[in-house]
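From first to last, the protein sequence lines stand for chains A and B.
Residues in the first sequence are numbered consecutively from 2, following our numbering.
Residues in the second sequence are numbered consecutively from 2, following our numbering.
2 protein chains.
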Amino acid sequence: MPENKIPYKIYLKENEIPSKWYNVRADMKNKPAPLLNPATLKPMTAEELAPVFCDELIAQELNDTDAYIDIPEEIQDFYKMYRPSPLIRAYFLEKALDTPAKIYYKFEGNNTSGSHKLNSAIAQAYYAKKQGLKGVTTETGAGQWGTALSMACSYFGLDCKVYMVKVSYEQKPFRREVMRTYGASVTPSPSETTQIGRKILAEHPGTTGSLGCAISEAVEVAVGTEGYRYVLGSVLNQVLLHQSVIGLEAKAALDKYGVKPDVIIGCAGGGSNLGGLIAPFMGEKLRGEADYRIIAVEPASCPSFTRGKFAYDFCDTGMVCPLAKMYTLGSGFIPSANHAGGLRYHGMSSTLSQLYHDGFMEATSVEQTSVFQAAEQFARVEGILPAPESSHAIRVAIDEALKCKETGEEKTILFGLTGTGYFDMVAYEKYNDGVMTDYIPTDEDLAKGFAGLPKVDL
Amino acid sequence: MPENKIPYKIYLKENEIPSKWYNVRADMKNKPAPLLNPATLKPMTAEELAPVFCDELIAQELNDTDAYIDIPEEIQDFYKMYRPSPLIRAYFLEKALDTPAKIYYKFEGNNTSGSHKLNSAIAQAYYAKKQGLKGVTTETGAGQWGTALSMACSYFGLDCKVYMVKVSYEQKPFRREVMRTYGASVTPSPSETTQIGRKILAEHPGTTGSLGCAISEAVEVAVGTEGYRYVLGSVLNQVLLHQSVIGLEAKAALDKYGVKPDVIIGCAGGGSNLGGLIAPFMGEKLRGEADYRIIAVEPASCPSFTRGKFAYDFCDTGMVCPLAKMYTLGSGFIPSANHAGGLRYHGMSSTLSQLYHDGFMEATSVEQTSVFQAAEQFARVEGILPAPESSHAIRVAIDEALKCKETGEEKTILFGLTGTGYFDMVAYEKYNDGVMTDYIPTDEDLAKGFAGLPKVDL
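Structure representation (structure tokens):
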């Protein structure tokens, strides 16, 4: 390891865990477009959202003016269980790549949910408990959000009903057991337990499910059950708010050593990790205080940013949720069955969509075999087996570092390592056996999804 | 969380990672008995051990006089990848138990091997590389050691052949994929690839395997292949030496806050974790500088300490390895098929056996349903899903804390949380489904194992 004052892992102290979340919308000139009531096409009011979401979370969802929001003490206490998360200087990866680039990653996988999702899960469970609810419903794709929420609900004594995308339920049987160990009930989606599930099963008997469909089921159950609300692990403004703890910690750790990143890279499915990681950096960029190159990385098989349309769309397949303006492939879009892991949502955070639309960030897409190649290389030198989702960011970080090798530039790269891949070994097995495939949707495939976009004329 | 100066997680700084291992044998008046050559019944010489083990590791194995041994810089560098590991104050568990006890645990699971095994794996791989070897062979039970070794070998570019106990190979298919991702080859044991494997399969066609049998296969391949040696993840003196990094860090972290444990608890299979955790504390006890109550916890289904004999025995089922004097159930002992996870070795570290024999530590055994009950309780309040092995220590730590609740004593308890349970979800599923069973071997069961003990008259 080179002589350097910067340690391999930078840990903040426990009293340096942020006490406020940062709300990037407060600094956006063009605010993200509001959620619309699908019946009236008018912006959803807090009252209209109340049957679905917890009251305090609705307030956070609609708040685009306060830059900082206090983190309740109970949540700060829980954060101490697994935060601050380390900011790691990738000395071993730099050496393996023989690059002059300086690579850092914020590692959010050192908790049992295996990802950053716990940051928002504990917040949402806290507000549900505070409101006196009995329980919450949700969907999960790769299983990280469901696991995180089951941990959070167990902590506050809330019931937790998880609808898990069927393909993940089958690929990741052990995820289900972790959730059950934390007391959650887990149902593969689409299921026979809801009207929308039965409808989708009737129309598509062999479907492997989608996040959009699981959302519809979870919302139906929440709205129809006394004392329950629905919670979501990505896409929403409130989630990006909670996840800002990632970026705030990362920035504080870098600031300690006077390091300023040139490039910030995050994987993007619904945007929870990317939005959280970049939050304070984007804030500086929006306020004109600093400039950063910010790159969203998405799977070529589910390319919302790079090939989607910026339009109002349903957040769910069942079209029961409000409309959001976002980069979307259409709520009927389902990634091909060979797509492993998460990052399979048809849409994207409205906040990130607006920022991308306004030119504050870039987006790129990568194919999954090249993602797993990067994952394997990273695992072997850095000692952490990454989640497939996180490995999208690794792929682009490595590519950027290799460009530096060619040009000789000593760029500082920061990327988000959102989680670990311990529950993704079916996908790793395919890669190890050399039978993993890539799939890029054709323009015709995408046209089918776009055809389902609602006609909204504002 | 209570107001307290002691944080939830105590992290040492990277430059506080120990630069020397501590060799408890140097402070033992009664040294552990030497390994014997099974042919001559004389102590094994370095020359006799050389075909099996790496030279430098043999020197460490036989060294019972030097109290401190330098950790080579290359190993210290690797340690920085995942060490220092946190010492965690179990505030949440204390609150849940409503106990006046103060509970600390040293958590070794925050690395991809999922356990403390990496501490010795990287040392053994380093010395193999330094000797110019092509590769190493080993066995693995629960899979933690095999994963750790595959990571270490990948780092140093060594070939790694792992013989995995068949029951674990079947219960933990994903462990195999992690090892393959790190480039190792994994064979279920007993296998057709070795003489001893074929013999055992012929005699016991339906066997689910045992550590002792997998050791025989790995040793046979190492001895018979040019440029290979055999490495072992537990039991040996050298392993306890490397694992002393656990106890040294734990003690340094406690010393920072002026905390002295009253009770130290560790799970015990072959003794690697327990021996490492207690090392510096035992040193003080041996030198008369301090007193600690030290408790080894083993499964009731594999009770080497509590029901075994202190005698010379073969380290492996095939009886090709040297004899060690230890608490043993006989090299033919195989735990019942319902036993989940590791801690399934028939014997026990010679060093720990001698210390136990001389009254420096206690031992107790626990049944697995009560272990999983403790695991679930711990996971829900502390946010870490523990390995079944580690949960043996959790069980006894909780029991000790509950005793303090009755007596009002404010004892300080330290236990070793050796790893995470992400690859043990088949066992958790059984517990969640209420179909996990206990099994305590009868005296007749044990008598069969004892009947196979070699006749050694010294």
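Beta carbons are placed, not taken as given, at the ideal position from N, Cα and C, and that holds for glycine.
Would you mind working out which of the options sits nearest residue i, comparing C-alpha positions?
i	options	result
R1 of chain A	A:A402, A:F108, A:E95	Outside the shown range of chain A (2 to 459) lies residue 1 of chain A, about which nothing can therefore be said.
F54 of chain A	A:I335, A:P323, A:K404	A:P323
Q132 of chain A	A:T194, A:G144, A:P101, A:E57	A:E57
A40 of chain B	B:E49, B:P33, B:A34	B:E49
I7 of chain A	A:A254, A:V166, A:V187	A:A254
Y69 of chain A	A:A153, A:H243, A:W146	A:H243
P189 of chain A	A:E171, A:L13, A:R90, A:Q196	A:E171
Of all Cβ atoms in chain A, is any one closer than 9 Å to the Cβ of residue i?
i	result
Y429 of chain B	yes
I104 of chain B	no
P455 of chain B	no
M2 of chain B	Residue placement at M2 of chain B is flagged as unreliable, the pLDDT there being 45, under the threshold of 50; a coordinate-derived value is accordingly withheld.
Y9 of chain B	yes
Y423 of chain B	yes
P174 of chain B	yes
G147 of chain B	no
M82 of chain B	yes
E178 of chain B	yes
K14 of chain B	yes
Y156 of chain B	yes
M29 of chain B	no
M426 of chain B	yes
L234 of chain B	Checking the sequence shown, residue 234 of chain B turns out to be Gly, not Leu. Closer than 9 Å: no.
Measuring only between beta-carbons, confirm whether residue i sits less than 9 Å from chain B.
i	result
S337 of chain A	no
N111 of chain A	yes
G386 of chain A	Sequence check: residue 386 of chain A is Leu here, not Gly. Yes, its Cβ sits closer than 9 Å to a Cβ of chain B.
K107 of chain A	no
M152 of chain A	yes
G420 of chain A	no
T182 of chain A	yes
Y128 of chain A	no
M437 of chain A	no
N433 of chain A	yes
Distance cutoff 9 Å, beta carbons only. Does residue i sit that close to anything in chain D?
i	result
V382 of chain B	As a matter of chain content, chain D is missing from the structure shown, whose protein chains are A and B.
Any idea which residues DSSP pairs residue i with across the strands?
i	result
S186 of chain B	B:K162
P387 of chain B	B:T421
R230 of chain A	A:V137
E299 of chain B	B:S366
T413 of chain A	A:K103
D71 of chain A	A:K21
R90 of chain B	B:Y105
T329 of chain B	B:K310
S211 of chain A	None; S211 of chain A has no bridge partner.
F282 of chain B	Per DSSP, none; premise fails for F282 of chain B.
C268 of chain B	B:V298
L37 of chain A	A:P44, A:L324
S116 of chain B	B:G420
K10 of chain A	A:I89
Would residue i and residue j be called neighbours here (beta carbons separated by less than 9 Å)?
i	j	result
T138 of chain A	T148 of chain A	no
Y328 of chain A	S366 of chain A	no
S169 of chain A	G198 of chain A	no
D99 of chain A	K406 of chain A	yes
V457 of chain B	G284 of chain B	no
V264 of chain A	I295 of chain A	yes
V220 of chain A	G319 of chain A	yes
F315 of chain A	K326 of chain A	no
G276 of chain A	V240 of chain A	yes
G384 of chain B	F157 of chain B	no
A27 of chain B	D78 of chain B	no
The segment 179-186 of chain B / the segment 230-247 of chain B touching (three or more Cβ pairs under 8 Å): no
Flag this pair as touching only if the segment 382-396 of chain B and the segment 264-279 of chain B have three or more C-beta atom pairs under 8 Å; answer yes or no. yes
Check whether the segment 247-254 of chain B touches the segment 287-301 of chain B, taking contact to mean three or more Cβ pairs, one atom from each stretch, closer than 8 Å. no
Is it true that the segment 376-383 of chain A meets the segment 297-305 of chain A, where meeting means three or more beta-carbon pairs spaced less than 8 Å apart? no
Contact between the segment 433-453 of chain B and the segment 330-339 of chain B: three or more CB pairs below 8 Å? yes
Does the segment 395-412 of chain A touch the segment 122-130 of chain A, meaning 3 or more C-beta pairs lie closer than 8 Å? no
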